[in-house]
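In terms of the working numbering, the sequence shown opens at residue 290 and continues consecutively. Positions of the beta carbon are idealized from the N, C-alpha and C atoms, including for glycine.
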Amino acid sequence: MVNRICISINNRCNLACKYCHFHEKGNIEAADMDVFEILDNVKRYAGPKFKIGFVGNGECFLDWPLLRAYIAYIEDYTNISAYTITNGTIDLPEEEWRFLEDHKINVGFSIDGYKELHNMNRCGSFDKAMATVEHYKEVTGHYPTFNATVGKDSLANSQKVIDFFKSFGTRVTFSRMIGRYGITLQEYRDFLAKAELEIPVRRGGQDCTMYGGQCGSGINNYFFANGKVYYCGNCIDLPPIGHSSIPFEELEKTRLEFDRNYCYKETICG
Ligand code: SF4
Ligand code: SF4
290 MVNRICISIN
300 NRCNLACKYC
310 HFHEKGNIEA
320 ADMDVFEILD
330 NVKRYAGPKF
340 KIGFVGNGEC
350 FLDWPLLRAY
360 IAYIEDYTNI
370 SAYTITNGTI
380 DLPEEEWRFL
390 EDHKINVGFS
400 IDGYKELHNM
410 NRCGSFDKAM
420 ATVEHYKEVT
430 GHYPTFNATV
440 GKDSLANSQK
450 VIDFFKSFGT
460 RVTFSRMIGR
470 YGITLQEYRD
480 FLAKAELEIP
490 VRRGGQDCTM
500 YGGQCGSGIN
510 NYFFANGKVY
520 YCGNCIDLPP
530 IGHSSIPFEE
540 LEKTRLEFDR
550 NYCYKETICG
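So, in structure tokens, the structure goes:
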């Protein structure tokens with residue numbers, strides 16, 4: 290049974306991070322997608338727990354009115370929870386942060402660690418992003434969770450990265466940098482083992498090896514973008530499974546068999 294999906298609500302971003310794999314896959318054509326139709330399918334299909342990540346090929350907060358409308362559209366469905374991830378460069382007015390908090394939307398901020406490290410990969414956006422983090426904390430009373438990409442520089446300065454996140458006391462989802470600047474799965478797993486001795490680290494279940502779990506491709510977890518549905522965000526340069534309007538009962542039939550300790554995409558593409 291499918292119980293989590295990610296929806297890429299747009300294909301635009303105001304940053305051009307060095308390692309962004311969506312930018313590396315620049316040949317993917319952007320197309321319109323009816324997100325309300327996907328949400329209707331979720332409402333019809335969802336079991337007792339269904340999670341939607343409003344995350345994808347761009348910065349969601351650039352299209353905040355749309356994101357807000359999608360969240361409002363599912364607000365009566367207590368079995369459907371949602372989260373989003375932002376690069377932190379777009380601060381929202383106080384009432385909008387409250388809206389997210391009142392709707393129990395987890396907001397993850399993409400911060401790679403201390404200032405120099407973050408700025409090296411993420412277009413010098415550290416000060417702006419951290420100012421937004423502080424505003425979020427001021428409004429909600431707590432720090433957000435963080436999403437940090439782990440590359441070679443993070444490995445070389447691992448204790449400094451861990452110390453940076455320790456001060457916030459919230460959960461960190463470390464993801465493995467892939468592509469041109471990537472690190473190996475083993476290097477990443479060693480980093481996670483060290484980090485979780487000192488800070489709350491998210492370990493995905495059947496989710497994605499990039500987030501410390503097992504690969505969930507073709508089991509319970511799908512990615513909607515560009516009017517299509519894919520096995521995951523990293524698979525958008527593979528043939529899509531179908532149109533974004535596909536009923537979830539059809540998605541259930543697309544199960545893949547492979548060793549889930551490894552990334553499906555890397556297994557088939559090297
Ligand atoms: S903020 Fe995210 S989507 Fe935008 S360039 Fe950076 S990694 Fe890519
Ligand atoms: S194919 Fe790779 S990137 Fe995609 S969910 Fe599986 S482990 Fe993650």
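*Chain-order list of residues whose beta-carbon lies under 7 Å from that of residue 308 (same chain, five-residue window excluded)*: Excluding its 5 nearest sequence neighbours in each direction, residue 308 has C-beta neighbours in its own chain below 7 Å: 410, 438, 440, 466, 468, 470, listed in chain order.
*Could you say which of 330, 502, 359 lies nearest to residue 372 if we only look at CA atoms?*
Of the candidates 330, 502, 359, the one whose C-alpha sits nearest the C-alpha of residue 372 is 359.
*Mind checking residue 511: buried by the 16 CB within 10 Å criterion, or exposed?*
With 16 or more Cβ atoms within 10 Å of its Cβ, residue 511 is classed as buried.
_Within 10 Å of its beta-carbon, does residue 407 have 16 or more other beta-carbons around it, so buried, or fewer, so exposed?_
That one is buried.
*Taking 7 Å as the cut-off, is the CB of residue 305 close to at least one heavy atom of ligand 1?*
Result yes, Cβ under 7 Å from ligand 1.
*Going by other Cβ atoms of all chains shown within 10 Å of its Cβ, with 16 needed for buried, is residue 316 buried or exposed?*
Residue placement at residue 316 cannot be trusted, given a pLDDT of 49 that sits under 50; what the coordinates show is reported in the next sentence. By the 10 Å Cβ count, residue 316 comes out exposed.
*Within the present structure, is the beta-carbon of residue 347 separated from the nearest heavy atom of ligand 1 by less than 7 Å?*
The answer is yes for residue 347.
*Environment of residue 486 [buried if 16+ CB atoms lie within 10 Å]*: Here residue 486 is exposed. Its C-beta has fewer than 16 other C-beta atoms within 10 Å.
*Which residues in the same chain as residue 297 place their Cβ atom closer than 6 Å to its Cβ, once the five residues preceding and following it in sequence are excluded?*
Within the same chain, Cβ atoms closer than 6 Å to the Cβ of residue 297 are found at 345, 346, 514, the five residues on either side in sequence being excluded.
*For residue 316, name the three-state secondary structure that DSSP assigns.*
Low confidence applies here, because residue 316 scores a pLDDT of 49, under 50, leaving its location unreliable; read the following figure in that light. Three-state result, residue 316: coil.
_Contact belief for residue 504 with residue 551 at Cβ below 8 Å, rounded distance in angstroms_ = Contact flag correct, Cβ pair sits at about 7 Å.
*Which whole-angstrom value describes the C-beta separation of residue 292 and residue 338, a residue pair presumed to lie in contact below a C-beta threshold of 8 Å?*
Correct: roughly 6 Å between the Cβ atoms.
_Is residue 436 close to ligand 2? I mean its beta-carbon at under 7 Å from any heavy atom of the ligand._
Not one heavy atom of ligand 2 lies closer than 7 Å to the C-beta of residue 436.
*In its own chain, which residues sit with a C-beta less than 6 Å from the C-beta of residue 426, not counting the 5 before and 5 after it?*
Sequence-distant Cβ neighbours of residue 426 in its own chain, meaning closer than 6 Å and more than five residues away, are 432.
*Length of the line joining the Cα atoms of residue 321 and residue 453*: Taking C-alpha positions only, residue 321 is separated from residue 453 by approximately 39 Å.
*Check whether the Cβ of residue 465 lies closer than 7 Å to any heavy atom of ligand 1, and answer yes or no.*
No; taking the cut-off as 7 Å, the Cβ of residue 465 has no heavy atom of ligand 1 nearer than that.
*Coarse secondary structure for residue 324, derived from DSSP in three states*: Of the three classes helix, strand and coil, the one that applies to residue 324 here is helix, per DSSP.
*From residue 534 to residue 520, what does the alpha carbon distance come to, in whole angstroms?*
Approximately 15 Å between the Cα atoms of the pair.
*Please confirm whether residue 500 and residue 450 have their CB atoms less than 8 Å apart.*
No, the Cβ-Cβ distance between residue 500 and residue 450 is not below 8 Å.
*Could you tell me which residues DSSP pairs with residue 448 in its beta bridges?*
In the DSSP assignment, no residue is bridged to residue 448.
*asked:* Can you tell me where the beta strand (DSSP E) holding residue 375 begins and where it ends?
replied: It spans 369-375 - the beta strand (DSSP E) in which residue 375 sits, taken as one unbroken run.
_Option in 304, 305, 342, 363 with minimal Cα separation from residue 333_ = Ranking 304, 305, 342, 363 by Cα distance to residue 333 puts 363 first.
*Give the secondary structure of residue 468 by DSSP, where H, G and I count as helix, E and B as strand, and everything else as coil.*
Residue state, collapsed to three classes: helix.
*Kindly indicate which three-state DSSP category residue 275 falls into: helix, strand or coil?*
Because the chain is modelled from 290 through 559, residue 275 falls outside the range shown and cannot be assessed.
*Which residues does DSSP pair with residue 462 in a beta bridge?*
Answer is 436, bridged to residue 462.
_Given this structure, state the Cα-to-Cα distance separating residue 493 from residue 478, to the nearest angstrom._
Those two C-alpha atoms are separated by around 12 Å.
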